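Visitor: The following block contains the structure, expressed as structure tokens.
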Amino acid sequence: MSTQTVPPPVVNARRVTTQTLQEMKAARIPIAALTAYDYTLARILDAAGIDVILVGDSASNVMAGHETTLPITLDQMIYHAQCVVRAVRRALVVVDLPFGSYQGNPNEALASAIRVMKEAGAHAVKLEGGKPILEAVERIVTAGIPVMGHLGLTPQSIYRFGTYKVRAQEPEEAEQLRRDAKLLEEAGCFAIVLEKIPAELAREVTASLRIPTIGIGAGVHCDGQILVLHDMLGLTTDFNPRFVRRYARLAETITEAVQHYVQDVRQRAFPSPEESY
Numbered sequence: 035m036s037t038q039t040v041p042p043p044v045v046n047a048r049r050v051t052t053q054t055l056q057e058m059k060a061a062r063i064p065i066a067a068l069t070a071y072d073y074t075l076a077r078i079l080d081a082a083g084i085d086v087i088l089v090g091d092s093a094s095n096v097m098a099g100h101e102t103t104l105p106i107t108l109d110q111m112i113y114h115a116q117c118v119v120r121a122v123r124r125a126l127v128v129v130d131l132p133f134g135s136y137q138g139n140p141n142e143a144l145a146s147a148i149r150v151m152k153e154a155g156a157h158a159v160k161l162e163g164g165k166p167i168l169e170a171v172e173r174i175v176t177a178g179i180p181v182m183g184h185l186g187l188t189p190q191s192i193y194r195f196g197t198y199k200v201r202a203q204e205p206e207e208a209e210q211l212r213r214d215a216k217l218l219e220e221a222g223c224f225a226i227v228l229e230k231i232p233a234e235l236a237r238e239v240t241a242s243l244r245i246p247t248i249g250i251g252a253g254v255h256c257d258g259q260i261l262v263l264h265d266m267l268g269l270t271t272d273f274n275p276r277f278v279r280r281y282a283r284l285a286e287t288i289t290e291a292v293q294h295y296v297q298d299v300r301q302r303a304f305p306s307p308e309e310s311y
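If you're matching positions, the sequence shown starts at 35 in this note's numbering and goes up one per residue.
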């Protein structure tokens with residue numbers, strides 16, 4: 035079986051940049067991305083070779099326990115981003131602009147993006163939506179801030195959708211997604227997340243763009259893939275969409291470890307003489 039030769043200058047980049055991602059798309063090297071929200075886990079992801087860390091507004095769900103991503107604030111996103119940026123030496127750190135921080139007008143969007151870049155030290159921001167946010171994207175990009183787009187299922191619009199079902203299955207919505215992807219590229223986005231859309235549509239959109247696509251529930255033909263870290267590690271157990279693969283079962287591992295700790299404390303087996311001063 036033949037193996038693909040990976041060009042070292044791309045994968046072994048000392049610092050992943052937006053240009054690195056463009057080179058990876060051109061070389062057909064899939065981009066590996068995950069979310070992170072704190073120093074400890076971000077440091078592990080970075081050392082393990084992840085290309086992109088998204089400080090996602092999914093922190094609203096997995097860190098704060100909210101039902102949707104809508105409640106998290108810009109101040110809270112900046113806090114999580116600060117924690118992640120302190121840990122990272124190689125990966126590109128992208129930060130979600132939360133609901134309400136960019137939809138109002140392009141100037142508000144720019145002000146939010148500037149805060150993320152200056153206060154957190156992030157490398158890029160991510161916005162959800164297509165044509166309605168083009169002015170905001172253009173305004174932010176013109177200011178020198180890299181922007182990642184996000185199409186398909188956009189969680190900040192969940193109350194408009196009313197469901198988390200697959201998007202762009204109907205011809206009209208699929209055609210709008212194609213148009214929005216091209217508009218975002220023309221507006222200056224360096225990459226686009228495609229969430230929960232048919233794999234064939236994602237393949238078509240990926241082939242039509244010069245910029246990379248990052249899929250989540252969008253099939254194997256995107257230029258890269260992203261998952262929520264807590265889902266991938268098996269820390270969340272009540273969220274089981276078909277696109278999530280559990281690479282670990284940490285909820286079980288942690289539960290067993292805590293139960294063992296409690297037992298040792300109860301039995302005065304911890305600390306031992308060797309663990310005492």
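Positions of the beta carbon are idealized from the N, C-alpha and C atoms, including for glycine.
Nothing here was measured: the structure is a model prediction, and the numbers come from that model.
1. So, is valine 95 buried or exposed, given that buried needs 16 or more other C-beta atoms within 10 angstroms?
2. Which residues mark the beginning and the end of the beta strand (DSSP E) in which alanine 282 is found?
3. Looking at C-alpha atoms only, which residue of Val227, Val129, Leu217 and Ser242 is the closest neighbour of histidine 157?
4. Taking only three categories from DSSP, how would you classify leucine 228?
5. Whose CA, out of Tyr71, Gln56 and Gly134, lies closest to the CA of valine 118?
6. Taking glycine 99 as the reference, which of Gly163, Gln259, Thr270 and Gly134 has the closest Cα?
7. In terms of residues, what are the limits of the beta strand (DSSP E) holding glutamine 259?
8. By the DSSP assignment, the alpha helix (DSSP H) with lysine 165 in it spans what residues?
9. Check the DSSP bridge columns for histidine 184 and list the partner residues they point to.
10. On a Cα-Cα basis, can you pick out the residue from Gln116, Lys216 and Gln56 that is closest to lysine 152?
11. Could you compute how far the alpha carbon of leucine 284 sits from the alpha carbon of methionine 266?
12. Tell whether a beta-carbon distance below 7 Å holds between isoleucine 84 and alanine 76.
13. Please report the straight-line C-alpha distance between asparagine 141 and glutamate 219, rounded to a whole angstrom.
14. Classify valine 296: buried if its beta carbon has 16 or more other beta carbons within 10 angstroms, exposed otherwise.
15. Using a threshold of 7 Å, state whether the C-beta atoms of lysine 160 and leucine 217 are closer than that.
16. Inspect the CB distances between the region 204–217 and the region 188–196 and report whether three or more fall short of 8 Å.
17. Hey, how far is the Cα of histidine 255 from the Cα of serine 135?
18. Could you compute how far the alpha carbon of alanine 177 sits from the alpha carbon of leucine 228?
19. Have a look at leucine 261 and proline 307 and give me their C-alpha separation to the nearest angstrom.
Guide: Straight from the coordinates:
1. Here residue 95 is taken as the residue at index 61 of the sequence shown, counted from 1. Note on identity: in this sequence residue 95 is asparagine, with valine being the wrong assignment. Result: buried.
2. As a working mapping, residue 282 is identified with position 248 in the sequence shown. Per DSSP, alanine 282 belongs to no beta strand (DSSP E) and is neither H nor E.
3. Taking the first residue of the sequence shown as 1, we reach residue 157 at position 123. Checked all of Val227, Val129, Leu217 and Ser242; the closest Cα to histidine 157 is Val129.
4. Residue mapping note: residue 228 aligns to position 194 of the sequence shown, counting from 1. Three-state DSSP puts leucine 228 in a strand.
5. Along the sequence shown, read from residue 1 onward, the residue named residue 118 stands at position 84. For valine 118, the nearest C-alpha among the options comes from Tyr71.
6. Along the sequence shown, read from residue 1 onward, the residue named residue 99 stands at position 65. For glycine 99, the nearest C-alpha among the options comes from Thr270.
7. Locating residue 259 in the sequence shown gives position 225, where the first residue counts as 1. That run of the beta strand (DSSP E) goes 258–261.
8. What you label residue 165 is simply residue 131 of the sequence shown in a count that begins at 1. Counting along the chain, lysine 165 falls outside any alpha helix (DSSP H), and DSSP gives it neither H nor E.
9. Counted from its first residue, the sequence shown places residue 184 at position 150. BP columns for histidine 184 point to Gly163 and Val227.
10. By one-based count along the sequence shown, residue 152 stands at place 118. Of the candidates Gln116, Lys216 and Gln56, the one whose C-alpha sits nearest the C-alpha of lysine 152 is Gln116.
11. Your numbering for residue 284 matches position 250 in the sequence shown. Your numbering for residue 266 matches position 232 in the sequence shown. Computed Cα separation, rounded: 10 Å.
12. Residue 84 sits at position 50 when you count from the first residue of the sequence shown. Residue 76 sits at position 42 when you count from the first residue of the sequence shown. Their beta carbons are not under 7 Å apart, which means isoleucine 84 does not touch alanine 76 by this criterion.
13. Locating residue 141 in the sequence shown gives position 107, where the first residue counts as 1. Locating residue 219 in the sequence shown gives position 185, where the first residue counts as 1. C-alpha separation (whole angstroms): 20 Å.
14. On the sequence shown, residue 296 is found 262 positions in, with the first residue counted as 1. Exposed, because fewer than 16 other Cβ atoms sit within 10 Å of the Cβ of valine 296.
15. To locate residue 160, count along the sequence shown from 1; it is residue 126. To locate residue 217, count along the sequence shown from 1; it is residue 183. Cβ atoms of lysine 160 and leucine 217: not closer than 7 Å.
16. no
17. The residue you call residue 255 lines up with position 221 of the sequence shown. The residue you call residue 135 lines up with position 101 of the sequence shown. Their backbone Cα atoms lie some 32 Å apart in a straight line.
18. To locate residue 177, count along the sequence shown from 1; it is residue 143. To locate residue 228, count along the sequence shown from 1; it is residue 194. Looking at the two C-alpha atoms, the distance is approximately 25 Å.
19. Residue mapping note: residue 261 aligns to position 227 of the sequence shown, counting from 1. Residue mapping note: residue 307 aligns to position 273 of the sequence shown, counting from 1. When rounded, the distance between both Cα atoms is 44 Å.
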